[in-house]
Every structure is written in structure tokens, then in C-alpha cells.
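Trainee:
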Ligand code: SF4
Ligand code: FES
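Chains as they are written, first to last, in the numbering used here: chain B, 1193 to 1397; chain L, 44 to 197.
#1: Closer than 7 Å by C-beta to residue 1397/B: which residues in its own chain qualify, once you throw out the five before and the five after it? Chain order, please.
#2: So, at 6 Å on beta carbons, what are the nonlocal neighbours of residue 156/L in its own chain, with the 5 sequence-adjacent residues on each side left out?
#3: For residue 61/L, does the three-state DSSP call read helix, strand or coil?
#4: With hydrogens ignored, establish whether the beta-carbon of residue 1347/B is closer than 8 Å to any heavy atom of the ligand SF4.
#5: What residues in the stretch 1264-1287 of chain B have a beta carbon less than 9 Å from any beta carbon of chain L?
#6: Do we get a CB-CB distance below 9 Å when we pair residue 110/L with the residues of chain B?
#7: Can you tell me which of the three DSSP states residue 1215/B falls into?
#8: What ranges does the beta strand (DSSP E) occupy inside the stretch 1204-1251 of chain B, keeping only unbroken runs of at least 3 residues that lie completely in it?
#9: Give me the chain B residues within the contact set of residue 119/L, using Cβ-Cβ distance strictly less than 8 Å, ordered along the chain.
#10: Evaluate residue 163/L with the Cβ neighbour count: other Cβ atoms within 10 Å of its Cβ, from every protein chain shown; 16 or more gives buried, anything less gives exposed.
#11: Under 9 Å between C-beta atoms, does residue 1205/B make it to chain L?
#12: Would you call the CB atoms of residue 1207/B and residue 1196/B closer than 9 Å?
#13: List, in order along the chain, the chain L residues whose C-beta lies closer than 7 Å to that of residue 1343/B?
#14: Quick one: is residue 1229/B buried, meaning 16 or more other Cβ sit within 10 Å of its Cβ, or exposed?
#15: Would you call the stretch 90-110 of chain L and the stretch 64-76 of chain L touching, i.e. three or more CB-CB distances under 8 Å?
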């Protein structure tokens, strides 16, 4: 496979065809913040936090590094005034939904994001899709999915599947940056299969 | 028509599309138009026959406004509240309908007779305020006329 060389933050990096800019950076030990990226999952490009500046033949553009393919001779800048400003706004928008999510709080310090800049809409889920995609791509159980779209988009467990699969799995739980997933599960359980909460597996009746 | 669709009917629709996963959207549309809404059992059947996970079908069925996951009435009432109809008194028409059927936009009455929806323009502003029932346009509505039109469908 052909090797591709390009520049990230002043250092020359080597990639093979098909790698993303984020993948190359991570391999080279260069940090780019991410929220919706997971090494076991297909690139998603949902949170836009991994945005970077790319210079191609003298033209600079902003790209989402977790889905942008590595290209020969491009120049990548992982931090610039513009990139930082965009990340700050993204964080502020997300914090209108999940002001106390630890990962967001940590990143907000770095980028000077103000969690109170936008009016609060405590929906908690930030649509990173980690839970949905993990359940789909890794465990293959498909117990959880998105419903609706735009500002009404939500995660939703399929009760019939969740009732039999989730209690013994819960692999997606630690992935959620906001704990909304756990809350949604408890709610689904209480509403749709409450018997599974109280009776242990050996209660035969 | 029954509110819960027979599995045979669903299978017939699926067979028409050769049970192919790529025809998912068309199958859902066919069920929607025959049954006016998509019962959970129907989605589960489609998922099983097409080998498409239920969570994907649920996402698609909730994504497009053409689908409904709750029962819809036999008659679909659309009240235009676009600018032209609005200034000609669409709110009074809407009020009349809400009062007569006892439901708000987005809802269906208990007898499954009417579903009410507001729309933003039906493309015939000169006839405003406009009300559409089952695709038939009723123009230049007044509260009195509105009640009369609804009577036809009761
Ligand atoms: S529930 Fe959590 S993991 Fe799932 S999409 Fe929302 S924020 Fe991401
Ligand atoms: S990590 Fe790239 S968009 Fe979320």
C-alpha cells in the first residue's frame, strides 16, 4: 500500500491510504479533541469537535479530521485562532444541553467556553451516537437507536430487545459522556419491563 | 378499516417488493397508505422479514413526517395557517375545528374519525382561509362553513 506523507503542526507524519487525519495524528501522538470518535467504530463526524485547519496547495479550509482522509502534502493545523473559536462555540452549544458532563467541563477550561452562554435546554444527550453505534457495530444487538430528527432527535431503547439483552451487556454505559444513557435505560426499564428490575432470574413465576 | 393490520396484509406488501431490504422505505409507505399509520407489530414483522434491525426501522419511521406511529383518523383535516390564510382568519377556522372535534393539531379523536394537522401553505392562497379534508380543498372558509363541512364527514 502506498505511503502518504504530510504535515501536522510542523512535524512530518506518514500514513497509509484510507487513514483519516485524526487516525494519523493519534498514531503520531498528536492530540486532537474528540467526543464522538471511538477506535472500534466507523467514523461518524457527529460532534465536529475534532475540526482542524487543512492547507491544500495554498488554500486553507476547515475539515472534520475524524472523517477527512489523509492526503499527500497537506498541511494540518490542529490549533489556530479560528479552530479554537469554533471548538469553544461547539462546547458552549453542547453545554446548553449537558452543562456538567465531565468531559465537556474539562474541554471548556481549555477553550475558555462559557457553559451559560446559551439558554439551557437540559436534554442531556449530546447526540454523539456512541451508544447507538456501539450497540449496532460492536455488540450487534441493536437494542438502542435514534428516533426523530433535528432538535427533536433522541435515543430510544427497543423495549423488547433491551429487556432480554441489556442487563447482561451494558457495554455502552461507560461510553456516554453525559450519563443520559443510563438514565434513559432506567426509565425504559421502569416503564417497559419493570418485572426484570425486581425479580431475580430465579424467580420462576 | 381495522386499526391493527393483519399480518397477511403486511406479508403481501413485503412480497410485492420481493422482501428486499432496499425497498424498506417503499414498504413502509405502502403500509402507511393502506393502514394510515404504522403499528409496532407491522414494524417488527418488516424487521424480521427484511432482516433490518428494528432500531433502524424505528429511526426511519420517526424521521419522515409521512409516517405515523400512532393511529390516525379516517379523515385527515388540514388547516392552512400560512401567512395569507392567517391574515384572513385561519385561527378562527382552526378554533372552530378544535372545538367541534375536541382535538388539537397533531391529535386524533377517540373514534378515529378525524386527525387534525396545520400546514403552512396549500398553494391556493387566493381561496384563503383554506381547509383541506382528505385531499379535497374547501376555500373561503368561515366558522359556520367549517362546521358544515365537518358534518359531511362525521
Ligand atoms: S445517550 Fe450518551 S452516548 Fe448516547 S448519543 Fe446521547 S450522549 Fe451519546
Ligand atoms: S470526533 Fe470528529 S466529529 Fe466527533
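Even glycine gets a Cβ: it sits at the ideal position worked out from N, Cα and C.
Mentor: With the structure as the only source:
#1: Because residue 1397/B sits at a pLDDT of 38, beneath the cut-off of 50, its placement in the model cannot be relied upon, and the following sentence gives the value as read from the coordinates. Annotation for residue 1397/B: no residue places its beta carbon closer than 7 Å to its own, counting only its chain and skipping 5 residues before and after.
#2: Taking C-beta separations shorter than 6 Å and ignoring five residues to either side along the sequence, the partners of residue 156/L in its chain run 116, 117, following chain order.
#3: The three-state secondary structure of residue 61/L, taken from DSSP, is coil.
#4: Flag set: Cβ of residue 1347/B near the ligand SF4.
#5: Going along the stretch 1264-1287 of chain B in chain order, one finds no residue with a Cβ nearer than 9 Å to chain L.
#6: Output row for residue 110/L: interface = no.
#7: It is helical.
#8: Runs found: 1243-1248.
#9: What residue 119/L touches in chain B: nothing, since even the nearest Cβ is about 21 Å away.
#10: So residue 163/L counts as exposed.
#11: With 9 Å as the cut-off, residue 1205/B does not count as an interface residue toward chain L.
#12: Going by C-beta atoms, residue 1207/B is nearer than 9 Å to residue 1196/B.
#13: Simply none; closest approach about 13 Å.
#14: The residue is buried, with at least 16 neighbouring Cβ atoms inside 10 Å.
#15: Between the stretch 90-110 of chain L and the stretch 64-76 of chain L there are three or more C-beta pairs closer than 8 Å, enough to call the two in contact.
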